[in-house]
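Right, one structure below, let's go through it.
There are 2 protein chains.
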Amino acid sequence: MENEGKGLHARVLESLGPAITAGDYPPGTVLRTDELEERFDVSRTVIREAVRVLESMQLVASRRRVGVTVRPTEEWNVYDPRVIGWRLAGRDRPRQLRSLTVLRSAVEPVAAGLAAQHATPAQCAELTEHAMGMVATSRGQQLDAYLVHDVAFHRIVLTASGNEMFARLGDVVAAVLTGRTQHHVMFTDPDPAAVTLHVQVAEAVRTGDAARAESLTREITAGAMAELDVLAP
Amino acid sequence: MENEGKGLHARVLESLGPAITAGDYPPGTVLRTDELEERFDVSRTVIREAVRVLESMQLVASRRRVGVTVRPTEEWNVYDPRVIGWRLAGRDRPRQLRSLTVLRSAVEPVAAGLAAQHATPAQCAELTEHAMGMVATSRGQQLDAYLVHDVAFHRIVLTASGNEMFARLGDVVAAVLTGRTQHHVMFTDPDPAAVTLHVQVAEAVRTGDAARAESLTREITAGAMAELDVLAP
DNA sequence: CGGCCAATTAAGTATGACGTTTTCGTCACG
DNA sequence: CGTGACGAAAACGTCATACTTAATTGGCCG
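Sequence order for the protein chains is A and E. In case it helps, the working numbering puts the first sequence at residues 1 to 233. In case it helps, the working numbering puts the second sequence at residues 1001 to 1233.
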């Protein structure tokens, strides 16, 4: 098993979390502690700790004399990295991918503008480096290598913005980009226009041109949205 | 006491969470379970469950033979509503307020643009209603009533965008707006220009003019940023 | 000096007993 | 027949304890 190395409660979590976020237990469903205890063949301690975590994600609510009830979707902590991961792995992956892409299209341009103002020389260097990397790997079925540079590029922009809320979306963007590559047919090279835009963004950040960095990044995210409209429901 | 009604673990959480997010325990600090057990005079069960929740927020990491260690700030789940609340209540409230305002300025304009495309007639009606309410309460030291309409307005825009990630930021925006009112001297009425902008946004959303809704909202959030520069460090 | 093994430490798990709150059913009374 | 109060049951919440597991430390031996 690849399931070893973590505590039992983590294993229960990795089973219940995806199931709930996938909608296997519709909102209002009640789970009794001792039922789960038996189902996973673990002690109450373990179940209780797993339930506490699910509760902290607002996926469930535990009430006396009633049980652990699944909460409606609108109340979930949809920004919790694990919730995002579970939903991306589950049934409504397309919808989730769309939500996150829209979020990207809102956040990244502003982040790029701020990065142009706050990025350190070292960050600027890394940025151009990865932009170059994208150019170098943009042709000839090197999608994996390209993805690495793409993810790194966007992560640096978010970090260099100097806003911690933006910086923490790095994983989200990485997940979206990775997801896109996986769904892309493996034989189509990246859009050359997008590659050029990344190079230009790196340049704009380096020269401190915030407005240009923002508008160029808006073009990138607009492209990502357009791709979605082609490939997703 | 006003502390009744919740479980013991919740009480421990409400004590440890704010302390950690306030920086009372610098990253790397280790907390032993039995020490906490004694300090709060509760059983191990309770401490363990509280620690699990803190762990799920990435505030701490629990490792065997070493203890519960506080994680560096960059790893915290800064989108967790409780973490946001604790930080807003704590020492670096100004920095947090600034981060959230920047996030707002990125998200709300895009949300308003989407709202113009997706808002239901009922939502449009509510929107104009609250915009009117803002006009009515914008003069004569009715800041509390004004705030209610302001919060409702922005909440509806985020919800009407149809993006669940945006919708879940309603509480964040509410916290920011509330925080601003509290810090505002209680005798200055809201900026008339901002009030007008809200009315115009409601109109743009109603008529489905996405570009206009977005750009007007951008003006609103730009105003909020400008206010910050005046009042905050 | 270096690597290996054992002792120690603190978290992880299991279990049984008891407390607490909420819900539901029953019974008596108007 | 309806209503209210009382009581029992159900499920989570808390406590105490014993045992297990993994990681670190330190000492012993090569």
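Virtual Cβ for every residue (Gly too), placed ideally from N, Cα, C.
Spatial distance of residue i from residue j (CA atoms)
i       : j       : result
V201/A  : A111/A  : 12 angstroms
A61/A   : V30/A   : 9 angstroms
Q117/A  : R1039/E : 46 angstroms
T69/A   : V205/A  : 49 angstroms
A1224/E : E1108/E : 12 angstroms
V36/A   : L8/A    : Before going further, note that residue 36/A is Leu rather than Val in the sequence given. Straight-line Cα distance between these residues: approximately 13 angstroms.
T137/A  : I84/A   : 29 angstroms
E2/A    : R1063/E : Model confidence at E2/A stands at a pLDDT of 46, short of 50, so the residue's coordinates are unreliable; what they give is reported in the following sentence. Going from the Cα of E2/A to the Cα of R1063/E covers about 20 angstroms.
E1164/E : Y79/A   : 10 angstroms
G1028/E : V46/A   : 26 angstroms
D1150/E : V1195/E : 9 angstroms
M1132/E : L1158/E : 19 angstroms
T73/A   : D1171/E : 16 angstroms
W1086/E : D189/A  : 46 angstroms
H1154/E : G140/A  : 47 angstroms
L238/A  : D41/A   : As displayed, chain A neither begins before 1 nor continues past 233, which places residue 238/A out of reach and without an answer.
R1098/E : T1178/E : 14 angstroms
R180/A  : A1193/E : 42 angstroms
R65/A   : A1222/E : 50 angstroms
C1124/E : R1212/E : 15 angstroms
T1128/E : E1214/E : 16 angstroms
V1176/E : T1101/E : 7 angstroms
R1044/E : R32/A   : 23 angstroms
E1219/E : L1103/E : 15 angstroms
E1203/E : L1216/E : 11 angstroms
L1013/E : L1114/E : 38 angstroms
E126/A  : I1020/E : 33 angstroms
R95/A   : D1034/E : 45 angstroms
V1051/E : R1011/E : 12 angstroms
L59/A   : P121/A  : 43 angstroms
R1168/E : A1160/E : 12 angstroms
E1049/E : L1197/E : 47 angstroms
E1055/E : T1207/E : 47 angstroms
A106/A  : K6/A    : 36 angstroms
Chain A within 8 angstroms of residue i, Cβ atoms only
i       : result
M1225/E : no
L1143/E : no
S1138/E : no
V1165/E : It should be noted that the sequence gives Met, not Val, for residue 1165/E. Yes, M1165/E counts as interfacial toward chain A.
V1053/E : yes
D1234/E : This structure gives no information on residue 1234/E, because the portion of chain E shown stretches from 1001 to 1233.
S1015/E : no
S1056/E : yes
Interface flag, residue i vs chain E, CB-CB below 8 angstroms
i      : result
D34/A  : no
V68/A  : no
E49/A  : yes
R168/A : yes
E2/A   : Unreliable placement is indicated for E2/A, whose pLDDT of 46 sits below 50; the coordinate value is still reported in the next sentence. With 8 angstroms as the cut-off, E2/A does not count as an interface residue toward chain E.
Per DSSP, the bridge partner or partners of residue i
i     : result
R63/A : G67/A
L31/A : V68/A
Contact test: residue i Cβ vs the ligand ADP heavy atom, cutoff 7 angstroms
i       : result
V1012/E : Absent from the structure shown: the ligand ADP. Ligands present: none.
Can you give me, in chain order, the residues of the stretch 1114-1135 of chain E that have a beta carbon less than 8 angstroms from any beta carbon in chain A? Answer in chain order: L1114.
Say whether the stretch 1084-1097 of chain E touches the stretch 1009-1026 of chain E, bearing in mind that this needs 3 or more beta-carbon pairs closer than 8 angstroms, one atom from each stretch. Enough Cβ pairs lie closer than 8 angstroms, so yes.
Any C-beta of chain E within less than 8 angstroms: which residues of the stretch 99-114 of chain A qualify? For the stretch 99-114 of chain A, which is checked against every Cβ of chain E, the residues closer than 8 angstroms are S99, L100, V102, L103, S105, A106, V107, P109, V110, A111, L114.
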